[in-house]
Amino acid sequence: MFQQLLYIFLVLFISSLASNRTSLTGGYWIINNNINHTAQHNIPGTIHTILFMAKQIPDSYLENNDIDLRYLIYNNWHLPKQIYLFSDFVVSNQITIHLE
Numbered sequence: 030m031f032q033q034l035l036y037i038f039l040v041l042f043i044s045s046l047a048s049n050r051t052s053l054t055g056g057y058w059i060i061n062n063n064i065n066h067t068a069q070h071n072i073p074g075t076i077h078t079i080l081f082m083a084k085q086i087p088d089s090y091l092e093n094n095d096i097d098l099r100y101l102i103y104n105n106w107h108l109p110k111q112i113y114l115f116s117d118f119v120v121s122n123q124i125t126i127h128l129e
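If you count by the numbering used here, then the sequence shown holds residues 30 to 129, one letter each, in order.
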């Protein structure tokens with residue numbers, strides 16, 4: 030049992046050394062709901078903090094703003110980001126997407 034686990038660990042470790050990684054964190058993401066809000070921001074973040082930092086909504090912690098802004102969580106939000114992949118990444122026979 031131990032040898033099998035060690036073998037699996039070694040295979041995963043060696044395969045991760047040969048992998049190409051493209052980070053999706055940082056940089057600016059464009060966030061929009063296709064209705065009335067579009068903003069650029071770093072990810073991670075919440076809809077409320079992103080729109081507040083872009084000066085599109087008031088502070089959700091003041092007065093009744095948490096209730097007035099609740100509609101934002103029911104919208105469909107899109108967070109596209111353009112990434113560039115090198116040719117060795119595109120021709121690889123295995124691509125793993127890892128989100129943390």
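We put the CB at the ideal spot given by N, CA and C, even for glycine.
Can the beta-carbon of N104 be found closer than 7 Å to that of N62? It is a contact, given that the beta carbons lie within the stated cut-off.
Residue range of the alpha helix (DSSP H) that includes H77: Boundaries of the alpha helix (DSSP H) around H77: I76 to M82.
Beta strand (DSSP E) segment containing I96, residue limits: I96: not part of any beta strand (DSSP E); member of the alpha helix (DSSP H) spanning N94 to D97, first to last residue.
For the beta strand (DSSP E) holding H107, just list the boundary residues, first then last. Neither: H107 is in no beta strand (DSSP E) and is coded neither H nor E.
With DSSP run on the structure shown, which of helix, strand or coil describes I132? Summary: the structure shown does not reach residue 132, with the chain confined to residues 30 through 129, and so no result is reported for it.
What are the residues that DSSP puts in a beta bridge with N65? The secondary-structure analysis by DSSP pairs N65 with nothing; it has no beta-bridge partner.
Please list the terminal residues of the continuous alpha helix (DSSP H) segment that includes F118. Note, F118: alpha helix (DSSP H), S116 to V119.
Using a threshold of 7 Å, state whether the C-beta atoms of H107 and S89 are closer than that. No, they are not a contact pair.
Give me whichever residues DSSP pairs with I59 in a beta bridge. Q69.
Around the Cβ of I124, are there at least 16 other Cβ atoms within 10 angstroms (buried) or fewer (exposed)? Burial call: exposed.
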